[in-house]
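Heads up: the structure comes next, in structure tokens.
4 protein chains.
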Amino acid sequence: MCRAPIASLDCMEEFSGTGGHLDFGRSISLGSNPALPLRHGSTPTPGLRYKNLGKSGLRVSNVGLGTWPVFSPGVSDEQAEAILKLAIESGINLFDISEAHSETEIGKILQRTGWKRTAYVITTKVYWSTKSEERGLSRKHIIECVRASLQRLQLQYIDIVIIHKADPMCPMEEVVRAMSYIIQQGWAMYWGTARWSQVEIMEAYTNCRQFNCITPIVEQSEYHMFCREKCELYLPEMYNKIGVGLMAWGPLSMALSDTQNGDKLFLPKGSFKTKSFSWTEDEINRNAALSPQGSWGKDRIEEGRRHCDRLRDLAALAEKLGCSPTQLSIAWSLKHEPVQCLLLGATSAEQLHQSLQSLQLLPRLSSSVMLELERILENKPVRPPMISTLALR
Amino acid sequence: MCRAPIASLDCMEEFSGTGGHLDFGRSISLGSNPALPLRHGSTPTPGLRYKNLGKSGLRVSNVGLGTWPVFSPGVSDEQAEAILKLAIESGINLFDISEAHSETEIGKILQRTGWKRTAYVITTKVYWSTKSEERGLSRKHIIECVRASLQRLQLQYIDIVIIHKADPMCPMEEVVRAMSYIIQQGWAMYWGTARWSQVEIMEAYTNCRQFNCITPIVEQSEYHMFCREKCELYLPEMYNKIGVGLMAWGPLSMALSDTQNGDKLFLPKGSFKTKSFSWTEDEINRNAALSPQGSWGKDRIEEGRRHCDRLRDLAALAEKLGCSPTQLSIAWSLKHEPVQCLLLGATSAEQLHQSLQSLQLLPRLSSSVMLELERILENKPVRPPMISTLALR
Amino acid sequence: MCRAPIASLDCMEEFSGTGGHLDFGRSISLGSNPALPLRHGSTPTPGLRYKNLGKSGLRVSNVGLGTWPVFSPGVSDEQAEAILKLAIESGINLFDISEAHSETEIGKILQRTGWKRTAYVITTKVYWSTKSEERGLSRKHIIECVRASLQRLQLQYIDIVIIHKADPMCPMEEVVRAMSYIIQQGWAMYWGTARWSQVEIMEAYTNCRQFNCITPIVEQSEYHMFCREKCELYLPEMYNKIGVGLMAWGPLSMALSDTQNGDKLFLPKGSFKTKSFSWTEDEINRNAALSPQGSWGKDRIEEGRRHCDRLRDLAALAEKLGCSPTQLSIAWSLKHEPVQCLLLGATSAEQLHQSLQSLQLLPRLSSSVMLELERILENKPVRPPMISTLALR
Amino acid sequence: MCRAPIASLDCMEEFSGTGGHLDFGRSISLGSNPALPLRHGSTPTPGLRYKNLGKSGLRVSNVGLGTWPVFSPGVSDEQAEAILKLAIESGINLFDISEAHSETEIGKILQRTGWKRTAYVITTKVYWSTKSEERGLSRKHIIECVRASLQRLQLQYIDIVIIHKADPMCPMEEVVRAMSYIIQQGWAMYWGTARWSQVEIMEAYTNCRQFNCITPIVEQSEYHMFCREKCELYLPEMYNKIGVGLMAWGPLSMALSDTQNGDKLFLPKGSFKTKSFSWTEDEINRNAALSPQGSWGKDRIEEGRRHCDRLRDLAALAEKLGCSPTQLSIAWSLKHEPVQCLLLGATSAEQLHQSLQSLQLLPRLSSSVMLELERILENKPVRPPMISTLALR
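Chains as they are written, first to last, in our numbering: chain A, 11 to 403; chain B, 11 to 403; chain C, 11 to 403; chain D, 11 to 403.
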């Protein structure tokens with residue numbers, strides 16, 4: 011075990027030595043990190059809080075269920091329903107949906123369970139591409155997309171419709187008018203964005219103000235220990251100035267359902283564009299052996315090795331705190347105030363349960379622990395100094 | 011009887027010596043105050059007037075029916091329907107509803123009676139809490155709430171949707187946009203507020219103007235002889251400046267259906283947060299006996315005793331005017347011009363009838379009587395002097 | 011016959027010596043005024059034109075059918091339908107409705123005939139009173155009123171909803187927002203006013219501009235030889251400045267269905283507030299005989315006699331032109347450019363036919379004839395001189 | 011053959027010597043111009059691109075199907091369906107409809123084929139006249155028109171509603187509000203104009219901005235080698251300043267289905283107001299023979315002859331390029347950047363296929379070829395010099 015330290019924090023899961031489905035946080039190979047003690051059945055879950063999303067009046071649980079892993083191929087209908095039930099029972103009131111298949115499946119579960127519509131918040135997305143029939147982010151596409159989602163969900167309205175990607179070719183006026191239309195039709199309560207730059211969010215806000223449209227309330231953004239800049243530096247500014255909140259997701263919290271390949275775990279390539287994660291320590295060593303003839307430069311190999319060292323340090327710290335590295339990672343994300351809702355994924359109720367234990371870890375993340383973490387990560391983002399154009403003369 | 015003078019004016023009812031349901035104003039124990047002569051069946055009721063609510067075009071009767079006591083446990087379906095029928099026959103055209111149960115019951119009565127929709131005005135409320143599923147006053151909650159009300163009422167629209175409490179966590183823009191949406195959907199004709207501060211009302215108005223939304227037309231506020239400041243000092247300013255009118259309710263006029271406990275009547279604690287009312291003369295005496303070791307200070311005991319004296323003086327004045335203290339209290343409220351609609355409650359048609367007699371008392375409330383009342387009450391509100399910040403230097 | 015010349019021009023009808031229903035313009039007693047030659051069946055009717063109503067894009071025939079007399083008690087269902095059919099066949103594309111009964115009846119006829127919805131323009135009204143259930147002109151009343159009209163008409167939309175009277179107690183913002191709502195719901199295409207002062211129309215326009223609502227396109231106003239000031243002096247200004255057009259009606263053109271009382275015809279008192287019309291030459295003579303003890307002063311008797319002389323002169327002029335006084339009156343109204351649509355009433359198809367002949371009279375109203383008419387009427391309205399407040403010093 | 015050179019470029023088709031339906035671009039009489047090689051079945055068609063229409067987010071194929079010829083009398087239902095199927099298979103995603111009959115027929119085909127609503131863009135038109143029932147371009151007419159179109163199309167919405175002609179009598183505010191209404195009702199996604207002047211388009215835009223309405227995205231305009239000024243000089247300015255794009259049609263590309271009269275082809279007179287096209291070389295010669303007594307002046311005859319020479323030169327150039335004159339003409343139009351979508355008509359799938367070959371011609375239209383074309387056409391539009399009003403003094 012652990013013969014091959016790897017670049018991805020996710021791959022720490024391999025340390026746990028479990029086969030088949032991931033067993034987040036039960037134990038890790040770098041020692042005997044025990045998972046947090048279970049407090050099954052306690053509702054609401056200790057540490058679970060409700061926060062206003064952005065500066066809107068909508069209050070959501072500080073963790074939401076990312077449903078993409080829930081309806082992945084390896085999970086049976088019964089398991090999926092069990093995950094949603096555990097989420098609701100745990101006090102989670104937000105389900106985030108990312109594609110058509112999940113909408114259909116969640117629609118069926120909502121019909122079966124008959125949960126009160128007031129009890130949960132559904133967020134789903136408008137996707138678009140330049141290649142498919144739905145070319146670009148047009149009013150036509152937005153409206154067609156939302157109507158199709160409503161049919162699949164068998165709901166009268168979606169709580170938050172998220173536009174998954176800004177379209178530089180589509181005028182922002184068209185987008186904000188279309189979103190206002192969706193809301194005025196009663197098809198949605200709010201709208202938000204995912205993977206938009208702060209300039210794009212600001213442009214949307216400006217257009218809303220100009221045309222008296224309803225402003226977006228949330229940006230969904232990747233956020234974890236190795237992807238911090240946007241969420242720590244720029245989104246808080248968005249929140250303060252225009253009330254757009256942060257719903258965070260990350261490969262760590264989204265409960266990847268990839269099968270483990272021996273002791274190497276690969277992140278799903280391209281799915282989240284997590285470029286810096288797609289290689290393992292094996293790869294580093296293999297490329298180092300090829301050096302200097304190999305395609306990797308010396309710097310890249312060095313950086314890879316430093317990264318592996320960081321992951322070992324994190325695992326050691328998690329052990330000291332009595333949790334799994336994944337639980338540490340989840341707690342670390344939640345510790346950051348801008349995160350109003352952190353999406354957790356799961357391929358089993360047990361896994362969701364494990365992740366929810368992270369909430370109890372928060373009080374233990376004292377300022378000294380947080381400092382220690384910063385020392386390990388060495389990536390606390392800082393704003394580039396503002397250089398006066400006058401000074402450049 | 012009257013062995014224990016009490017702090018609440020309501021408890022004067024105990025003087026009447028009746029058991030079971032309250033028999034407002036028939037007679038009171040401090041003498042032989044006769045109730046006003048009945049003029050049953052006369053329509054419209056003498057003294058009943060129609061006024062524009064706020065500066066809106068909607069004309070409502072100067073007394074409305076507060077339906078919360080009507081559908082309280084002790085009242086049968088037949089009695090409830092009789093109360094509503096008497097209200098309509100008396101010329102009352104406004105029914106104020108405060109909770110889901112009353113909506114369902116009124117819905118049934120409206121179906122049975124088949125009254126023309128144009129003949130009455132329904133006001134109902136959006137409630138919210140931080141604890142229930144409906145966490146906070148969000149667009150989601152407002153819309154879900156109103157849809158549910160419409161279903162219970164079996165109506166196509168509510169005349170005025172009242173937001174029961176401002177939510178400091180919900181941006182006012184969201185609230186006024188949601189209310190405009192409700193009205194644009196045809197689900198409501200107007201909207202109003204209840205228990206909002208004048209600053210909150212003003213903020214709502216400003217947001218309506220900024221976003222071209224429909225402004226609120228009414229604030230529902232507690233108003234009676236011992237709760238005067240907001241309605242006499244600040245709401246008239248709201249009316250003059252932004253057209254928001256006043257619909258008043260008070261424990262006196264709302265026909266409390268509490269059972270009497272011997273000669274002591276307790277106001278329903280916490281229901282209206284009428285803090286200054288929840289103790290009786292017994293309590294005062296008991297605490298006075300404990301003094302100075304007791305929890306009540308000397309000042310509080312003194313204030314309690316003075317209050318009891320005031321109540322006795324009021325009862326004496328009512329006797330002189332030939333009415334019950336309750337009738338005097340209702341007439342006194344109606345005498346104040348800012349009150350465009352006073353909500354009366356009732357647990358029986360007879361009680362509503364008694365309360366309506368108060369309308370005939372108004373001409374008898376001459377300026378000398380009103381002066382005498384002010385002398386008794388000693389609480390005519392005055393604005394705090396405006397202190398220049400310059401003067402503070 | 012004609013023993014008693016009368017004060018009302020309407021009563022010229024008595025000259026025709028017909029009994030029962032009015033037979034407008036066939037012949038008059040002051041000579042042998044022949045009616046204009048019939049050109050039955052010619053479609054479109056000679057002289058019938060289509061004009062934009064106000065500065066809107068809606069084109070209506072220069073005469074519209076006022077349906078109030080059409081559905082008056084003496085007219086059978088077959089006759090009513092015949093009138094509407096003649097109107098449509100003659101090229102009239104506007105039906106003006108004034109009360110609930112006519113709406114129901116027209117609804118039935120429209121169902122029976124199956125005319126294309128695009129072929130006609132329906133105008134109907136929002137009435138209100140301070141006495142009935144529908145107290146004042148509120149959003150509630152406007153919406154309830156229009157919904158009821160649509161049901162009676164069995165139509166999906168009304169073309170123009172006319173607010174029959176301004177309500178000084180209802181804020182103009184509420185009115186223009188309600189009318190915009192009606193139009194946004196698709197229940198109406200346009201809105202207009204009836205019997206509003208130019209100040210009220212201007213206030214409505216200002217509010218529309220302030221709140222980005224749809225502006226009114228037409229004012230319905232009384233207009234005839236003896237009621238000229240508003241339509242000739244002030245409404246043209248409204249048209250030029252804010253695009254509000256004029257739809258005119260008058261007792262003369264509305265084909266009163268009152269029964270004749272021997273040779274005296276009384277206008278329906280109060281129906282149109284045509285104060286100066288409600289007395290006959292008989293009355294004048296009777297009051298002159300009582301003078302100076304009678305209730306009428308010398309001036310009033312003199313004025314009455316002068317008026318009767320005018321009517322005789324008009325009848326003589328009509329005879330010279332080869333038409334009836336009524337036809338002259340209709341043509342005279344149409345000759346005035348501000349009148350974009352003149353409402354004609356009828357209690358029979360024949361009567362409508364007679365009225366439509368007036369259109370052919372227009373070319374004969376040369377400037378010399380118009381001058382002669384002004385000489386007879388002596389009431390050409392002029393604006394009061396603008397007196398500078400400086401000059402008053 | 012070719013005994014009578016003709017004025018219209020279309021009439022080049024006669025050169026091809028085919029009888030019956032036009033056989034665009036197979037061969038032309040002035041030599042052996044071979045049609046472009048077929049690449050049947052290749053999807054997407056080489057050269058077919060998707061462009062944003064105007065500055066909207068809607069992406070359409072650079073060629074659209076003009077359906078007017080598709081549903082002309084000589085084309086069977088099967089043929090029509092075959093044309094639409096070929097269009098879709100070729101990657102064309104825009105169908106432009108011009109009259110009621112085509113709407114009904116396309117509605118049926120869309121029902122039969124069951125194509126996904128997201129896969130195609132329907133544009134249809136609001137027509138109006140001063141003569142028919144639908145007098146002028148009013149809110150009433152626009153709404154009635156669009157509702158009727160939706161019924162005929164059996165669709166929930168049209169993608170782009172085009173107003174076919176500006177109505178100088180209808181205020182622009184009414185038009186833009188009506189179009190916004192259409193879009194707010196969900197009956198259309200976008201709106202555009204056809205045959206509006208740039209001043210009218212600018213006025214529409216200004217009104218949209220003033221009243222916060224949705225701006226038009228496209229102007230449909232005639233564009234071909236002999237009608238260039240508006241599309242080359244003025245519409246690019248509209249695109250740059252207010253984002254209105256250009257959808258072009260021309261007699262050449264619209265696949266006229268007129269029967270050929272021997273070797274003379276007449277353009278459908280009046281259908282597109284293509285004044286400069288309605289005469290043939292025969293006519294020129296006939297009129298030249300009559301000269302100077304004939305109705306044509308010397309200049310006109312000269313101009314006619316020069317035009318015929320130009321057509322011969324164009325045909326020669328097409329031959330050199332290995333395509334038909336029609337294909338050259340289509341490619342030439344597409345070569346001009348302002349054309350975001352060129353409408354092609356067809357009366358058979360084969361003809362559409364031939365026209366689509368033109369797309370492969372574009373790379374061959376080098377700058378030297380384009381220069382040669384300009385030399386032949388002698389009509390490159392230039393803006394009139396801006397003359398200062400000062401200079402005029």
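Note that the Cβ used here is the ideal one computed from N, Cα and C, for glycine as well.
Beta carbon proximity, residue i to chain C, threshold 8 Å
i      : result
G124/B : no
C180/D : yes
G196/D : no
S368/D : no
K135/D : no
T357/B : no
M248/B : no
Coil, strand or helix - residue i by DSSP
i      : result
T114/B : helix
K175/D : coil
V131/B : strand
A265/C : Note that A265/C scores a pLDDT of 40, beneath 50, so its modelled location is shaky and nothing firm can be said.
C218/D : helix
Same chain, Cβ closer than 8 Å to residue i, five either side skipped, listed in chain order
i      : result
V206/D : It is Trp, not Val, that sits at residue 206/D in the sequence shown. Answer for W206/D: I173, K175, A176, A214, E229, listed in chain order.
A90/D  : V80, F81, E115, I119
N217/C : M182, E183, V185, V186, C223
Beta-carbon neighbours of residue i, restricted to chain G and to distances below 9 Å
i      : result
Y215/B : Considering every chain present, this structure includes no chain G. Its protein chains are A, B, C and D.
Contact set for residue i: own chain, Cβ-Cβ below 7 Å, skip 5 residues either direction
i     : result
G57/C : L369, Q370, L372
Within 8 Å, strictly: CB atoms of residue i and residue j
i      : j      : result
R187/A : I224/D : yes
I211/A : V254/A : yes
S71/B  : L94/B  : no
L338/D : L324/D : yes
M257/C : L353/C : yes
C180/D : G146/D : yes
Chain B contact for residue i (CB, 8 Å cutoff)
i      : result
L68/A  : yes
I153/C : yes
E184/C : yes
Short CB-CB distance (under 8 Å) between residue i and chain D
i      : result
S207/A : no
Bridge partners - residue i, DSSP secondary structure assignment
i      : result
Y200/A : I170/A
Spatial neighbours of residue i in its chain, beta-carbon cut-off 6 Å, leaving aside the 5 residues before and after
i      : result
E109/C : none
Residue-level contact to chain A via CB, residue i, 8 Å cutoff
i      : result
R145/B : yes
C65/D  : Correcting the residue identity first, residue 65/D is Lys in this sequence and not Cys. It does; some Cβ of chain A falls within 8 Å.
Any non-hydrogen atom of the ligand NAD within 7 Å of residue i CB
i      : result
P226/C : Absence of the ligand NAD from the depicted structure is noted, as is the absence of any ligand whatsoever, leaving it without description.
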